[in-house]
Every structure is written in structure tokens, then in C-alpha cells.
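Residue numbers (the working numbering), protein chains in the order written: chain V, 1 to 530; chain L, 1001 to 1503; chain X, 2001 to 2102. The beta-carbon is built from N, C-alpha and C at its ideal position, and this holds for glycine as well. All figures in this text were calculated on a predicted structure; none of them were measured in a lab.
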Amino acid sequence: MAGFPILSLVTFLPVLGMIIIMFLKKEQALTIKYTTLLITGIQLVVAVVMLLNFNYNAQGVFQQSSFQFIEKFRWIQVPGVSWLGTVKIDYFLGVDGISMPMILLTAIVSFIATLSSWNIEKSIKGYFALFLLLDTGMMGVFVSLDFFLFYIFWELMLLPMYFLIGIWGGPRKEYAAIKFFIYTLFGSVFMLLVMIGLYFSAFETLADGTKVHTFNLLAMMDPSNFSANGILSPFNPSNLRFIAYIALFVGFAIKIPMFPFHTWLPDAHVEAPTPISVILAGVLLKMGTYGILRISYPIFPDITKQLMWWIALFGMINILYGAFVALAQKDFKKLIAYSSVSHMGYVLLGMASLTTAGISGAVFQMFNHGTITAMLFLIVGVIYDRAHTRGLDEFGGLAVQMPIYAGFVTVAFFAAIGLPSMSGFVSEALVFVGSFSVEGIRVLSILSSLGILLGAGYMLWTLQRVYLGKLNEKWANLKDLDVREYLMFVPLSIIVIFLGVYPSGMLNIMTTSVNTLVNLVNNGFAKVLF
Amino acid sequence: MDVSNIIESLKLIKPEIAVSASLILVLIFDLIFHKDKKLIPYVALLGLFATGYFVIHQFGTTGFGFATKSTFKAFGMVTVDSFGTFFKLLILISAVLVLFFSSFSDEIKKTTDRLGEYYVLIFGMILGMFLMVSATDFLLIYLSMELLSLSSYVLAGFTKLRDRNSEASLKYVIYGSVSSGLMLFGISIIYGLTGSTNLYVINSLIQSPQINVLALSFALILVMAGMGFKISAAPFHFWTPDVYEGSPITITAFLSVASKAAGFGLLIRFIKTGFAAMTLNNGYWMLNPIFDWKLIIVILAILTMTLGNFSALWQNNLKRMLAYSSIAHAGYLLLGLAVFSNQGIAAILIYFFVYMLMNLGAFLIVMLIADKLGSEDVDDYDGLGYTSPFLGISLAVFLVSLTGLPPTAGFIGKLYIFSALIDAKMFVVAVIGVLNSVVSLYYYIRVLKHMYLVKPKIQPVEIIPGLSQKFLVLLLVVPVLFFGIYFSPIVELAKNCVVLLGF
Amino acid sequence: MNNIPIEYYLILSALMFAVGITGVLIRRNAIVVFMSIELMLNSANLSLVTFSSYLGNSIGQIFVFFVMTVAAAEAAVGLAIIIAIFRNKLNVNIDEINIFKW
């Protein structure tokens, strides 16, 4: 496999699809749909091929040599003068155990979301073109190892997302779309400033021995690459590094979304069409936590350790706040949206523990939440397509009417609650094992476990209100799932159950890298050598 | 000042001579062929290309021209260096584009019988701007600014079709004359204090402690008011929205890019040539501590961009919205100046290059739509993105670029401005700057909202641009996207054009 | 020039400038506004000439010639525009030339 640009392929394949779609005619709706399906299908296959070739023992995280499928070549180069250093930006992609699960997740969720987009009717061409552009943006974030490239992909998603919510969304779509856009941009401009600050603080030694400023994330993780008086250098006694960490964290926290920056999420979810909700919850939210693990943690280990209690606290708030608000919802989709807030809280809590168990749990939870919440949104989509309403109190007894559907609902709900033998259980358990073992955040961990109870509460209550009990006569003619919907639910259910029974399948991918990350953060900047 | 000196100096102003020659040529053509004016745009275009040849040839040439006294032979009226040539190139490219715009514009087509004057006045503007960016003597600064102003006053009210043209013109004349009056008074004080009008001489004289700092500061503020008027920096921006909205759209586009570029070129040269003691090796300037330069420019910049952005939020007329947006962009550019370093100037040059592409592009699309729609109101754009996909997508690219999002060139401009700020450790200013760009997202995206999201009340008009119009739009869209992804060429160019002669 | 101190000229010039600015700000008739602007330019001219004579170099006086020419051009353009407006509105009151608002 060496030399073959598989990461570029997986990232830019959707752009190719977008270009093909641009040349198709408006009327060829079916061709457009099948093209998209084909492209996301190939993307999924490529992702699986990558998994098969993946070396489970390579560390990654900070060491370029142990990253896999590396692609690195010069993108921008302007020779310097006395007052302006050489401008050098690399096109630098690579994968390690933390990004591999995310790539799989993106490929799976994109494929499922394509299937779920089948009944989009309004301007199909534009929809699928933007959808594919969004796909490239997501994939790009997970494979970039250069901050500049990362930032471009990060921002690239905003515009397609704005249009996908704004054009194909529900009644308050314009409001939801602009809210999403402004919130995320607000976060990312701070990220931009931190990025520039890091650029001016860190150096990279080129092959010819010259030192130049760099956007290379891996170079920023090595303290020997910082000049003593650099703005964000670890040797700089000012508290700028602390401020930069917070600014960067806010940028990521908005995407997660972390309380109190979460208010865009319910609006965006409720108004977005089903497939976009699936993408949003399934992949986009993970970018926030992924960014923290990929950038904040290894570049600022000193400050991460200072702030871990606060991260755990916000994790706990997210878990409990999301759960409580979910309990009060009358709209099915809003309930799922708030349950997302709650579940992303587990990720934060796990990350804050800085233990192997906790961070593995967090990464695993990111993957599981992606699959489970995707299913939950599809479930909402199915009844909304048929009944055109999402009021929780308007249904009842749907299990009788749609038995197969109800079967998948049960799988998804139990997985979301965290029932043993479902994937959600393993990741939540790991998060709690990790966070409980750390003395500083033990109390927060115990309090957070209330969230499981509340989660079971709102999920089961929903199950009862919508699917059990007496069938509301109004819905006596709802049809059960068709083949396409089968195709969406079956693979997700298999993944959820398989990873519940055999979690090592996923955990093995990340263990080495997570260990490396934990060592890196805990040992501060002391180089990890093993 | 002998004849040989003059002849030597003439060699330095070949572009200006070409512009003047073209001006006269257009005038003569207009007189000879007064029945058929179709030929005039071609003559004008030819003139611009000839000028372009000389401008490109001038890259790398340096020298002082038209010295006033033989004792000060080194310092002349004009200074030719790459910095000025960069701005000349910028002005020239936008002039060529505006020439093409004019050939499509319905507003201009309606005044075919006065087409000759239109092009003559445009050449007048170009000549004024060329001299502005290379002037190093107050006499030439004043005259070139007036040449630009007088030509643009007339052009702002050129079409006379509606009341709003004349109103724009009148407001422009009044604000413009007042600010040139202020500037002239400032110049007279500086002349009184130093006995010279040459910036280099003033710089060397000003080092002495006998200068009355209070009077000098007062004079400087007056002079900068005049220049602030040209770049529409707050609080001298009041004319901008009215004039931009009222003028023919081609002229608005030209004013918003070229005239602003000339103003910035002049302002930068004025500050650096007149008041920089030296440039340090790391690119930062040592300015004469007459007053707190940094504080003043920072305040001006923040005021300008904040006022521009927040006023743009509730504009319905797109021309007016773009006027406020151009004020906001002047604010970002001033941030680059506020650093007072070569990095900041490089950022300004990069930003200006990008700004030219995207701003002219946005005005072009607005013009093409307005010609068909008869309106520049954003409410009338409902659903236009579906009936006119080409124009819709192009406008989207330009607006996204104006917001400064990757992967468009606008992002690169912002990136360099903020890099310069962070390098100078001006963090708070940088934060205010980026927050401003978040605010700007709201009004730029509002146009897209109307084009794509809002359900139209009436069936939107279908606008199919002609082949040449499409080509022109692509000529702007493609670079905006290309330089967003691969920006080495602009950085390379800007880097080589930063250094001013003498420092 | 030998008997009258330079300050007198400068004070006169400053006063003229102040009167000009005040006129621009408070008068409502466009033509009077233009007259005030001329006053501002002339005050600058006066101080230029004064300094020129005081410093004994001719740059200031040369400058004044150019300013006078420019002022004439500016007045011509301004009056032409005022006439264009007058034809439409039969009025040159600045308060009533107000199509554009915030």
C-alpha cells in the first residue's frame, strides 16, 4: 500500500462526485442519487481497506514516523527575507489510532445518510453536491496533521451545512441555519488566532537544516521546537498560553456542543432534514472532541492538566443538564438532540480523566454515539416521514403497527441507555472506570452516574409513550419499514450489537495511540520513549 | 533643476505619460468621431494596455523625479519604487475591469452620447491615483488628490438619470472639498514649521527638537483627515454610503477599490517617508514620537470597521451594504498599517489584491442583476439563486470571500492581517478584528439567504448572462478560489513590493 | 511685512479657517456652503504666503498658485452639480437633498 495516496482518495473522492453531479442534468434525479451512493459506498470500502491495512501497534499522536498512510508534500513555499520568515505550509495527512475510528465513522454515517436522503425532493442536484462537499470537509478534518489544512477543512463544512439546513430544513430553518453558522464561526475565529500564535511560536527544522515557522501539528507538540520567547511557547512565563488554551477550547466546545455553548444544537437538529441531523449528530459533534484530543491535549499538556477538573465539571454539567432538559421535551427530535448533549458529556468526562481507560472510553463513546444517535435520528425520521409530526404525546402503540421498526427502536434505545451487550455500555463503563480512578474528579464522576439513570428515564418513558400502550387510531395505516430503510438500520444495529459483545474490535485500534497520548499529557513535555 | 534632470525624471513617469496620452487620445477621438462613439472604449482599452506595459516594466525601477532644488537633488516630487508600482498595477487592473463593466452596464449605455467624457474622466482618475501613490511632495500630493477628486465628483453624478446621481455628486463635492480644505490648512502649518513641502526633507528636519510638537500634531491630524476621507475611514466616512449608492455602479466599484488603494498608498507613504526614522532589521519601523501613532491608527481602525460592519447589518440596498462593507474593509486594512511594520504593509498589499478581486466581483454581479431586475434591494433577490445559478454561485463565492472564510482568497487576506497583528503582540486588537468578521458574516450571508433560502413571493426573474459576461465573471471567480488554495504568488509579489525607497 | 508681526497674519488665517468651517457646518444653502469652503482654502493660502515670506523661500507662493487654480476648478464642478440639482428640485437647500438616509 505504500505510496498510494489513500487518504487523499478517501478525502477528495466526494469532491470528484460533486464535480460529476455538477455536470448531470437537474432531471436525472435518480442518477444523481446513485452517483452519491456509489461515491459514499466507495469511500466506505476504502475506509475498510484502510482498517485492514492498519497497524495496531503504531503510536501516532506526536511521532511522524509512526503515523500511517502518511502523505506529505510542500504546498506553499515563499522564500523569506530578513523581516518575513520563509512561509512554508505542508499538505500533511496521516492516521493513527485516534483518527482511524473517526474515519470509519464518517464513512459509515455518510453512506447511511445518503440512503436516508433518498426522499429529498427539492433541488436534488444542489443537495447532493453540498452533501458531498460536507463529506470532504468532515473527512479532511480527521486526516489532517497540519493545523492550516485542518482549519481549512474545519471551515469548509460551514457553508454546505448552512445551506443544507437552510434550504432543506423545517419551518424555522433560516434562523437555525444562521445560528449554527454564527456560533461555529465565532468559535473558529478564536481558533484562527491561536493557530497564528502557535505558528509564530513553533519552528520546524527542514531537511537543509534551516528553521522555519510551521503549522505542523506534530512539530508543535515537541517543546524543543519552541523558541524561548515565542508567544505561546511553554517557556514563556506569561499566561498567554493559558488564554490561548481557553480560546481554542471554546472553539472546539461550541462544536461539541458543551454547555453553555450548546444552544445552537437543538435548533439546528429540529430544523435540519433527517440525513443532515444524522450527519450533524453522527460526525460533526465529534470534531469538537477530536480537535481537543488531537490539538489541545498534546500541544498544551501542561494546561490540560491544570484544567482537567474544569473539563470534567463541564462534562458533568453536560450529562445532567442534557438529561434533565431531555426529560422535559415534547418533541421527539428535540429529545434526541438533548440526549446528544448528555452523551457528549460522557466524552468530556472520559477525556478529563487523563487515564487510558477514560480516554479510550471517550474515543469509543465518540464512535458509539455516532452510530447510536444516527440510528435515533433515523428512527425519528421514519415516523416523521409517515406521520408528519414529532409530538411525543401524539403517538402510542406503534410497536403493534410497525413491529420490525419497533425492533430496531428497541436496539437503539437500549444502546443509548447503555444496556450491557450494547456498544454504549462498554464506552460509558470505561469512561466511569477512568474518571472514578482519578481522585480529583471522583465526586464529579459519581454525580455524573446519575445521568445514566436519567437517560434510562427519558428513553424508557419515550419508548412507552410512542411505541407501547394502546395504538392511536389516527396512525392505523402507517406502513412498516421498506427495503431502503432496512438497509439503513441493519448495518447500524449490527455495529451496535457487535461492538457491545466484542468491544476489543474497536478498542484495539486505539489502545496504542491512546496510551501514547496519555503518557504525553501526563508526563508534561517530557518526551515519551517506548 | 536643469533640463537634463527633467528628461531623466520623465523616464520615471512613463506610465503617467501613457495615461495622459491616452486621455488626450480619447478626447481627440471623441471630437473627431462624435457621431459614432462605439470606438472609444477600444481606444481607452488600448491606452490602458499601453500603460500596463509601462507599469510592468517599471517593477524594480527606483528613483526620485522632479527635484525642486538642485541642493536636494536626491528628493523629488515623485518617488518611483516597487511599492508604488504595486499600487499602480492594482489600479490599472481594476481600471481594465471597470472598463469591461462599463461596456455591459445599462446605466452607462444610456449615456452613449457622452461616452467620450466618461472615459476621459476615468483616465483623469487614473492619472490622479498614479501620482498619488508615488507623490512625496505636498504639492503633488494635493494636486493629485484634487485631480482624482474632481474627476470622481463628476463621474459620481455622471448619468444624471435620477435625482440620486446629483445628490451623490453634491455630497461628494461638499465632503471632499471640506476635507481637502482641512488638509491644505494642515499642509500650510507643516510648511510653516519646517519650511519645506518635501516629505524626505520634512523627515530629516523633524528630528530636531525645536519643532513645536503641538502645532505639528494638529497639522498632522488635519492632513490625515484629508487622507482618511479618501480611504473612507471613520469618522470621515459619511460620504461613502451616499456616494456609493447614488453613483453609477461602475464608478462605485472603481471608487471602492482603486480610489481606496490610492488613498492607502498615499497614507502609507506619507507616514513612512515623512515620519519613520528607520526600519529595523526585523521589519518594524521606528516612528518619530510626535504623538502616539499606534494608538491613533488602532482607534481609527477599530472605529472604522465596527461602524462599517454594524451599519451594514440593516442595509437593504446592496450597493449601500457593499459601501458599508468597504468601510469595514478599510478598517481591516488600517489594522495592517497600525502594526507599523513591513509585515503589516505586506498584509495590506495582499489584502488589497484579494479585495480588488472579490469586491469588483461582487459589484459586477450586483450590476448584472440590477440591469435585469431594475433593483438593488436584497428583498428582490428572493429565489434568484435557483433561476440564475451561475450568478448566484458566483456571488456566493465573492461574499464568502469578503467574509474571509476558506478556501477563498479573502481568508488569505485576513490571515495575513491577523498574523501581522499577532506577530506584533496586539492581541486585543486582533480579537476585536476577528469578532468584527463574525459580525460581517451576518450581512453577507443575508444576501445568500434571500437568494436561496427565502421562498419568493413572485416568480423570480431568470437572468442568463451573455458569454462575454460569463467570461468576465469567471475571470474574477477563478482567481478568488485559486488564490485561496494556492497563495504563494501573491505573497511573493507583496513581499517584493513592501520596501519604500529611502528606508 | 516688516511692521506687522507674523502672528497677526496667522491669527487672521486661523479666524478665516474657523469662519469657513462654521459656515460649512451651519449654513443650509449649498452655494453659501461653497463660499465657506472657498474661505477655508483662502485661509490656507494666506498662511502659505505668510510662511513663504517669513521663511524667505518661494515654495509656499508657488503652492498658492496651484491652490487657486484647483479652487477655481472645484468651484466650477460644484456649481455645475448645484445647477443639475436645481433643475430637478428648484431648490438648493441641503436639508432637502435627502434621498439617502442611514
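Setting aside the 5 residues that flank it on each side, G505 of chain V is surrounded in the same chain by F498 and L499, each with a C-beta closer than 8 Å to its C-beta; the list follows chain order. Under the DSSP definition of a beta bridge, Q68 of chain V partners with V:V95.
Per DSSP, the continuous alpha helix (DSSP H) segment holding M1367 of chain L begins and ends at N1342 to L1373. Taking a C-beta cut-off of 9 Å against chain V, the contacting residues of the region 1411 to 1432 of chain L are F1411, K1414, L1415, F1418, S1419, L1421, I1422, D1423, K1425, F1427, A1430 and V1431, listed in chain order.
With distances taken between CA atoms, F203 of chain V lies nearest to V:L217 out of V:Q59, V:L217, V:L335 and V:N519. Among the residues of the region 227 to 260 of chain V, those with a Cβ less than 9 Å away from any Cβ of chain L are I231, L240, I243 and A247, in the order of the chain. For the pair S342 of chain V and N368 of chain V, the CB atoms are not nearer than the 8 Å cut-off. Those residues of the region 78 to 92 of chain V placed with their C-beta closer than 7 Å to a C-beta in chain L are V78, V81, S82, W83, L84 and V87, ordered along the chain. In terms of CA proximity to Y1142 of chain L, L:K1230 leads the group L:S1082, L:N1203 and L:K1230.
Between the beta-carbon of S427 of chain V and that of F364 of chain V there is about 4 Å, and that keeps the pair under the 8 Å contact cut. Around the beta carbon of D393 of chain V, a 10 Å sphere encloses fewer than 16 other beta carbons of the protein chains shown; the residue is thus reported as exposed. Chain-ordered listing is empty here: chain L has no CB closer than 9 Å to the CB of V2019 of chain X, the nearest sitting near 12 Å.
Taking a cut-off of 8 Å on C-beta distances, the region 1492 to 1502 of chain L does not touch the region 1126 to 1135 of chain L, as fewer than three cross pairs fall below it. Nearest to S1375 of chain L by C-alpha distance, out of L:N1316, L:F1087, L:F1418 and L:G1361, is L:N1316. Using a Cβ-Cβ distance cut-off of 8 Å, the region 249 to 260 of chain V and the region 280 to 295 of chain V are in contact, since at least three pairs of beta carbons, one from each stretch, lie closer than that value.
DSSP links R74 of chain V through a beta bridge to V:D90.
The DSSP assignment places 264 to 271, 274 to 279 and 285 to 291 as complete runs of the alpha helix (DSSP H) inside the region 257 to 294 of chain V, in order along the chain (cut-off: 4 residues). Just so you know, the alpha carbons of M375 of chain V and A412 of chain V end up roughly 6 Å apart. For the pair L134 of chain V and M161 of chain V, the CB atoms are nearer than the 8 Å cut-off. Contact annotation for G197 of chain V against chain L: I1422 [CB-CB distance below 7 Å, chain order]. Taking a C-beta distance under 8 Å as the contact criterion, D1377 of chain L and S1105 of chain L do not qualify as a contact pair.
Residues of the region 2033 to 2060 of chain X that bring their beta carbon within less than 7 Å of a beta carbon in chain L comprise V2033, I2037, M2040, L2041, S2043, A2044, S2047, L2048, F2051, L2055, N2057, I2059 and G2060, in sequence order. The region 1248 to 1263 of chain L makes no contact with the region 1212 to 1221 of chain L; the number of CB pairs closer than 8 Å stays below 3. When Cβ-Cβ separations below 8 Å define contact, I2085 of chain X makes contact with chain L. T1079 of chain L sits in a strand when the DSSP states are folded into three classes. Cβ proximity to chain L below 9 Å picks out nothing from the region 208 to 223 of chain V. Interface residue (Cβ-Cβ distance to chain X less than 8 Å): S1247 of chain L is not classified as such. Within its own chain, the residues whose Cβ lies closer than 8 Å to the Cβ of L1391 of chain L, once the five positions on either side in sequence are excluded, are I1365, L1368, I1369, L1384, I1463, P1465 and V1473, listed in chain order. For L450 of chain V, the closest alpha carbon among the candidates V:L320, V:A326, V:L164 and V:F69 is that of V:L320.
Secondary structure at L460 of chain V: helix, using DSSP grouped into helix, strand and coil. DSSP lists V:V212 as the bridge partner or partners of E204 of chain V. Judged by DSSP secondary structure, F1218 of chain L falls within the alpha helix (DSSP H) whose first and last residues are V1213 to K1230. Straight through space, the alpha carbons of L1199 of chain L and T1079 of chain L are spaced by roughly 11 Å. In the structure shown, G1065 of chain L falls within a strand segment according to DSSP collapsed to helix, strand and coil. Taken through DSSP and simplified to helix, strand or coil, V501 of chain V comes out as helix.
Counting every other CB atom within 10 Å of its CB across the protein chains shown gives Q306 of chain V a total below 16, marking it as exposed.
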